[in-house]
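Residue numbers (the UniProt record's numbering), protein chains in the order written: chain A, 1 to 904; chain B, 1 to 405; chain C, 1 to 201; chain D, 1 to 82. We put the beta carbon where it would ideally sit given N, CA and C, even for glycine. Read through the structure below, which is laid out as structure tokens, and then see the notes.
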Amino acid sequence: MTAHRLPNGGRVDRAAPVRFTYDGKRYTGLRGDTLASALIANGVLEVAPSSYRGRPRGIVTAGVDEPNALVLVDGSLLPATTLELHDGLSATGRSGVGRLTDSTDSVRHDKRYVHCDVLVVGGGPAGLAAAQAAGRTGARTILADERTELGGTLLATKGFDLSWPGLAEFPETRVLSRTTAVGYYDQNYVVLAQRNTLWHVRAKRVVLATGAHERPLVFADNDRPGVMLASAVREYVNRYAVAPGQNVVLATTNDSAYQVALDLIAAGITVSAIVDSRPEPPAALVNQVGVEVITGSAVTGTEGRHRVSAVHIGPDRSIPCDLLAVSGGWNPAVHMFSQAQGRVRYEERIAAFVPDTCPQDLEVVGAANATYELAACLAEGAAAGARAAHLAGFGGGTAPELPPVPAESDSAHRPVWMVEGDETLQFIDLQRDSTVADIRRATGAGLRSVEHVKRYTTVGTGLDQGRTGGVPAIGVIAELLGASSPGEVGTTTYRPPYTPVSFALLAGRDRGELHDPIRRTAMHSWHVAHGAVFEDVGQWKRPHHYPRAGEDAQAAVLRECTAARTGLAMMDASTLGKIEVQGPDAGEFLNRMYTNAFAKLAIGSCRYGMLCRADGMVFDDGVVLRLAEDRYLTTTTTGNAAAVLDWFEEWQQTEWPELRVRFTSVTEQWATIAVVGPGSRAALTPLLPDLDLSAAAFGFMTFRDTVLCNGVPARVARVSFSGELAFEINVATWHGLSTWELVANTGATPYGTETMHVLRAEKGFVIVGQDTDGTVTPQDLGMDWIVSKRKDFVGRRSFSRPDTARPDRRQLVGLLPVDPDDLLPEGAQLVAGGVPLTPPVPMLGHVTSSYRSAALGRTFALALVAGGRDLIGRELLAPLGNRVITATVTEPIFYDPEGTRRDG
Amino acid sequence: MSAVLPEHPEFLWRNPDPRRSYEVVIVGGGGHGLATAYYLARNHGITNVAVLERGWLAGGNMARNTTIIRSNYLWDESAAIYEHALKQWEALPEELDYDFLFSQRGVLNLAHTPQDVREGVRRVNANQLNGVDAEWLNPDQVKEFCPIVDISPGVRYPVLGATLQPRAGIAKHDHVAWAFARTADEHGIDLIQDCEVTGFLRDGDKILGVQTTRGPIMADRIGLAAAGHTSVLAGLAGLRLPLQSHPLQALVSELLEPVHPCVVMSNHVHVYVSQAHKGELVMGAGVDPYNSYAQRGSVHVIERQMAAALELFPIFARAHVIRTWGGIVDVTPDASPIIGATPLANLFVNCGWGTGGFKATPASGWVYAHTLATGRAHPLNEPFALERFTTGALIDEHGAAAVAH
Amino acid sequence: MTVEPRRSPLDGLDVHREGVRLRELPFPSQVDLRLDPVGTAANRVAQSLGTPLPVVPNTVVVSGDRHTLWLGPDEWLVVGPDGDAPVVVRALREALGTEPGSVVDVSANRVVLELSGARARDVLEQGCSIDLHPRAFGPERCAQTLLARANVLLYQVNEMPTYWVMVRPSFAEYLVSWLLDAARCPRVGADRSGRGTDPSS
Amino acid sequence: MLLIPCPWCGDRDETEFHYGGQAHVAYPQSPDALSDAQWAEYLFVRDNPKGEFAERWCHNAGCRRWFNLVRDTATHQIVVQR
Ligand SMILES: Cc1cc2nc3c(=O)[nH]c(=O)nc-3n(C[C@H](O)[C@H](O)[C@H](O)COP(=O)(O)OP(=O)(O)OC[C@H]3O[C@@H](n4cnc5c(N)ncnc54)[C@H](O)[C@@H]3O)c2cc1C
Ligand SMILES: NC(=O)c1ccc[n+]([C@@H]2O[C@H](COP(=O)([O-])OP(=O)(O)OC[C@H]3O[C@@H](n4cnc5c(N)ncnc54)[C@H](O)[C@@H]3O)[C@@H](O)[C@H]2O)c1
Ligand SMILES: Cc1cc2nc3c(=O)[nH]c(=O)nc-3n(C[C@H](O)[C@H](O)[C@H](O)COP(=O)(O)O)c2cc1C
Ligand SMILES: [Zn+2]
């Protein structure tokens, strides 16, 4: 044992030494220590110097409110005062500034979503009583406390039996230690951080028993190592059995420091004096401690270099000491309460902000509610716990018996916000190095709001979020502004998290492979095995192209295109959205949604359709099949599958509930294979023994339900997004892979989305989202033919607005670069010939799609161009930084304009 | 030791009581209101002006934004006004004699899908022709510009490239507001805090003044600059505007030694992050979908945000969130602002900046001052008139600004 | 003619982890039914299924080897043994008659995972925000909800507990990875003593 | 994280829902009869009150039903179900 470890007492395990290093030096502590208590046990009180002014600093607290003693452990910046000691711990002192290192974190984080009747936050006497009272009723109760052990301030109190609540006996009560309530959100949603688990608790009732934080005192050189909160001194002595000093002066504004003095004396530590701001502290306390009490006084300064050696009380008196324990009063920990939208009010008697009203289903008890006597804390907690359980439907609402406790005193406090002295050395926020002088400067600049002062001085913006310095700052502002009380100034806003939470904990399991679901089609494994290069489309992985050995993307796409135009090719089209639309009014419904008409579509036929938003802009497109009199199957683009279903449901449920039509998503019921090319008919004939695939028997834009040669039921449609003869085979998802393999065995060339894009662009078919961007109407696309003149549909009225009816809107056109080898980049802007290329250059539009075409033996593009259709035949320029591509405007169709190829 | 921020001036502003009447009253003491006041004095010599603020000056979105400044917008109308702003930013620290830490460290907008790439290239080309600096970077160039971005192809949404605007960057938000406020105050403009506008004094369709918690105040012209609260104010005058107010959240980490040299934004993965001068990582989250005036949002939005951030920046895993907060952003149907006259005589609006108005602060003040001084739109704000919703001539910046900051 | 065998993305998955078993139930038949619950067709449907349709939200009616799950006020999912779908579709269409509604075979539209064992709830609790405590959820309860980042239809089959987790096939591999990852995590929060475990462990 | 009462499924987390903005805005009977200004009003203008707001939600991840409720946009309290 070192001289600083007291010979007995404490809740540390003296039989369990723990080795650790701090700033590269080796030390030993005990199991049950925090890093801070272990350092004190080794005589180390001084920590890293302050951030901005480089002043020596020491450990100030024993908990989450520590402003100084921060350490870097494994790249994480943590307070030494809450860091549990463990073997091999290696910590480096830091002054409020972390350092991220690139070491990958192997720690696993996860989350829990739980519900309860009563959540108790804080496991001090008030919280324990509340949890016991609630738990015994059978209510689902959760008690969360940030510390390693339950007990709260009782851990720092000698001789209190902590086993009385017997929580382990209640099967529906869950105790979460080392678990901090970090955020309190709407409808009693409380987020708890427990090491590597983030709990999301939805509670019917909440009892907040979060205790109180002791405040420091503000005087010159109050940041010197050896100035420590009185409650922290008590906790170090009683809980950890370490002595932060041997000769102590106590400075206080309230009764609580007297108990500290008694405990120190009992531990054999000298208390030289108590400096009490009150002219007449309770006589009983003064008599009980039996040390000099300097009344009506305040500490005004300290001496010492790296450690306090004496304190000044006014100009005349100086008392030697090696530790100054201060109690500037207590702040009820209203953080959670305030986050819950509770309002606080200023209470003169204890000079603190206390809970007032709150709209959520919660109660605040114990020191958090400014109840500072132990017996009252217990009673308040028990009553609240019983009440909460009762309101949640459990128990009769009566509180259980409580253990007897000695009476305590809590007479009025007398705050000391400002004392004489050098204000540039009177620290308010140790982490931010800000002083009374800074606050004076802020108010002098004309600032009246505490929020402005906070931002001018940065008080309260550090890791500890002003848990210690916040209220003293308000006190100083009040004095400087001549306000009647700190209550007139008010607090800044309490925000989550209550204590810092690592990014990794918030991210939880949603990382790497699990970051966002990867959606795969039934054929995915085949694509992987055949070397597909994938692209992300929404959450889907779709093959972009299938390079062969030695091929780059361009070569692969040209080859795939050639196969589709001249031979036989196949594509996985399973990701397209599919919705069954059923009911007697299905046709009428589709008529109201699509720009073109569907009510009269023949059974067994398909029709391409387009959807607009109410503002008239193109939203989605797809082919619609009529399955039966009252049944349609609509298809959507991959990215909009969910959006279109939602769109249908919204209009039907909220606008036209009288329409007898219902929707069912079947996107994933079906796997879809497009078989494309002049060779497709011959290749499929043996696969589709029951069908006559001839153009006469199986017309374009019709479909058949059939059975494949391997017995698999299929729906085959003659639709073509490439302009070639094509068949689309739909089979149940579980037959997708085998059917794909069946088709692949015919020698079809698999192709990806890029080839699909080239083929459709050669035909002038648009891709919604690529050739449109939410500002394009069907007319702009040259698709007037798809806009019915005879019926109303969503979006129609918008076409006659002045701007939508303008003739010079951006219209879809084709572009042929003058040099057939020049590839216009997609996204290239277009300008008229002859305009000077000095910015701002008037732009006419942009290239939406651009490719090399195997069929055309050249490059080509689609573009949206202002008044584009009138420019057909003219040349436009695409300035690209260091070069300019000239291209001729054409009709947006490049291949087989007569449509002769689709029948093969 | 940490980066020391520049000292603020000894004096910022008087705290006057409101007078009975002013030539111009600006409702809302955020960045836009304060900049408008400044430019009324600077450009138009109008100093008989009051800025009425219901709380503390610049305590609304101005106190809450992630401070990203850029001008690389898609459409000509937007590029013109945001680029005007960026040019103003470049001159303002000197002009206002206030070091508000304007740092042109460059903004990357990452592309993760071929669609992102097309949109990015489109924007770069449009920007260049509009005289806005813009470059397209390939993944290696991204890595060079911002070494901590994970560009490996194995991540869920690999980085396929990025647009870079080198002149873009950040500035310290409240210092900016105070710089405008101090100079406006020096010109004799009254900045009146704790003064909430609660109604309008009117004669038929003509607005004569405002009712406030500090008494009635008359004015020849009244300009609303109340951001998220504009609908509420307009409602007091019987006007309905195409605005919806949503929570938008942001967060900061503890102070960290410099790790992140620029600003990175990703629409697809939903991240935008920079490291402020003090050293904290400043990050924005997505807009909460529902309407709200509560200045706070939902925690799952933050959780998603962190997951996304770690995909792009694995090095952030051990950083801590120390504070989260929310603002109230006023969103228009086309994600562009509304600046100009209203159907009520003497009443003007400047609103709808949504998630991205900080960067526009100087230009917004410039054109709004012009509008309030002359009664007519400045050429830069002409396209942003309310009428566009009737004609359909929207300036749709959704594509380029899905998470517009 | 022998029909080509069906394949699932999970390929008959069946794994055991401490306290849980996760396996795929291959190819149960699933039919989506939508109709007005108070119309006359509802009675006919009840007759043809042999039980009334569950009208209490988020409950299941089991009859023989058919499970009828409430999906919405006018929507149900009839889950039955492999091969049952055509029979059910025919019967339901007949029962529906000319009344508005819809009957769709969706057997391939969801993969059915069975998660069972003492820790099953603990695993789900890591990514599902609905209350699965026995007081709130239990046998013959179902819910459409989110599990991790996937939409699922969750059905508690028995007290053990055994759950069916029904998910779109495209999400199945993701969800299985997620479930197995969640199943790997040791149980947390069972710390009743109030004195925590060693931080280094 | 709001807790939203689905009239069918009961209370569920906000993440299961899709927000639909102001309630009770009907699609105009005959859009053609409207002036451009009236049509613009239908398309783009919605109430945006601070306080009680009748709004639409859809239980997307659950029963997929649309429903209305009244929520206070200043406090997030859900006042009544309508
Ligand atoms: C989290 C977040 C991140 C953002 N990130 C960025 C970004 O990176 N880049 C960017 O460019 N933009 C960003 N923005 C947007 C930007 O903050 C806003 O567009 C901009 O600040 C709005 O203008 P303002 O400063 O005038 O608004 P505000 O500061 O909100 O000013 C409006 C003022 O009006 C006052 N007011 C309201 N009602 C009344 C009344 N009745 N009487 C008197 N006064 C009233 C308010 O109190 C407020 O002070 C972000 C916004 C948020 C919330
Ligand atoms: N004499 C005085 O002036 C005075 C002043 C204050 C407190 N006290 C004494 O302190 C005790 C107060 O009891 P109590 O139960 O109200 O408080 P407590 O301080 O004993 O317990 C509160 C517990 O809540 C925990 N906690 C706080 N915020 C949390 C969060 N967000 N998440 C998880 N845990 C959190 C704390 O770590 C602590 O363990 C009494 O014994 C009282 O006599 C006396
Ligand atoms: C760019 C920026 C940086 C910030 N840095 C910090 C910071 O380092 N520490 C801190 O506590 N808060 C920081 N804040 C947040 C503010 O403290 C505060 O939360 C924000 O202005 C919103 O105000 P409110 O929380 O009081 O409502 C920062 C805010 C912004 C916009
Ligand atoms: Zn529901």
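- Placement of the Cβ of residue 357/B at a distance of less than 7 Å from at least one heavy atom of ligand 1 is found.
- Listed in chain order, the non-local C-beta contacts of residue 667/A below 7 Å within the same chain comprise 577, 578 and 641, local neighbours out to five positions each way being set aside.
- Under the three-state reduction of DSSP output, residue 53/B falls in the coil class, being neither helix nor strand.
- By the neighbour-count criterion, in which a residue is buried when 16 or more other Cβ atoms sit within 10 angstroms of its Cβ, residue 756/A is buried.
- As DSSP reads the structure, residue 184/C sits in no beta bridge.
- Here the C-alpha atom of residue 281/B lies approximately 9 Å from the C-alpha atom of residue 319/B.
- If you measure from each CB to the nearest heavy atom of ligand 4, the residues under 6 Å come out as 6/D, 8/D, 9/D, 59/D, 62/D, 63/D and 65/D.
- The C-beta of residue 145/C comes closer than 8 Å to at least one C-beta of chain D.
- Within the model, the alpha-carbon separation for residue 167/B versus residue 543/A is close to 38 Å.
- Taken atom to atom, the span from the alpha-carbon of residue 136/B to that of residue 821/A is near 22 Å.
- Put simply, the CB of residue 20/D is far from chain C, with every gap to its CB atoms at 8 Å or more.
- Taking the beta carbon of residue 294/B as reference, the chain D residues within 8 Å of it are 73, 74, 75 and 76, listed in sequence order.
- Taking the C-beta atoms as reference points, residue 21/D is found nearer than 8 Å to residue 244/B.
- Rounded to whole angstroms, residue 699/A and residue 719/A show a C-alpha spacing of 10 Å.
- Residue 43/A sits in coil when the DSSP states are folded into three classes, being neither helix nor strand.
- Contact check for residue 276/A against residue 293/A passes: the beta carbons are separated by less than 8 Å.
- Distances from the alpha-carbon of residue 481/A to those of 433/A, 834/A and 441/A put 441/A closest.
- When Cβ pairs closer than 8 Å are counted between the two stretches, the stretch 884–903 of chain A is seen to touch the stretch 809–829 of chain A, the count reaching three or more.
- Residue 105/A carries a coil assignment under DSSP once its states are collapsed to helix, strand and coil.
- For residue 209/B, the enclosing beta strand (DSSP E) begins and ends at 206–212.
- Annotation for residue 230/B: 224, 241, 243, 330, 349 and 351 place their beta carbon closer than 7 Å to its own, counting only its chain and skipping 5 residues before and after.
- In the DSSP annotation of this structure, the continuous segment of the beta strand (DSSP E) that includes residue 817/A starts and ends at 810–817.
- Residue range 110–121 is occupied by the beta strand (DSSP E) that includes residue 113/A.
- If you look at residue 158/C, you'll find it in the beta strand (DSSP E) that goes 150–158.
- In summary, the residues of the stretch 697–721 of chain A whose CB is separated from some CB of chain C by less than 7 Å are 710, 711 and 712, in the order they occur in the chain.
- Chain-ordered, the chain D residues with CB closer than 7 Å to the CB of residue 185/A read 1.
- Taking 7 Å as the cut-off, one finds at least one heavy atom of ligand 2 near enough to the beta carbon of residue 410/A.
- Annotation: residue 784/A is outside any beta strand (DSSP E) and is labelled neither H nor E by DSSP.
- With the criterion set as a beta carbon lying under 8 Å from some beta carbon of chain D, the members of the stretch 46–67 of chain C are 57 and 58, in sequence order.
- In this chain, the beta strand (DSSP E) harbouring residue 166/C covers 162–167.
- Contact of residue 498/A with chain D is not assigned, every C-beta pair being separated by 8 Å or more.
- Secondary structure at residue 18/B: coil, using DSSP grouped into helix, strand and coil.
- At least 8 Å separates the beta-carbon of residue 469/A from that of residue 422/A.
- The beta carbons of residue 417/A and residue 475/A sit closer together than 8 Å.
- In chain order, 240, 242, 243, 244 and 291 make up the part of chain B whose C-beta sits under 9 Å from the C-beta of residue 46/D.
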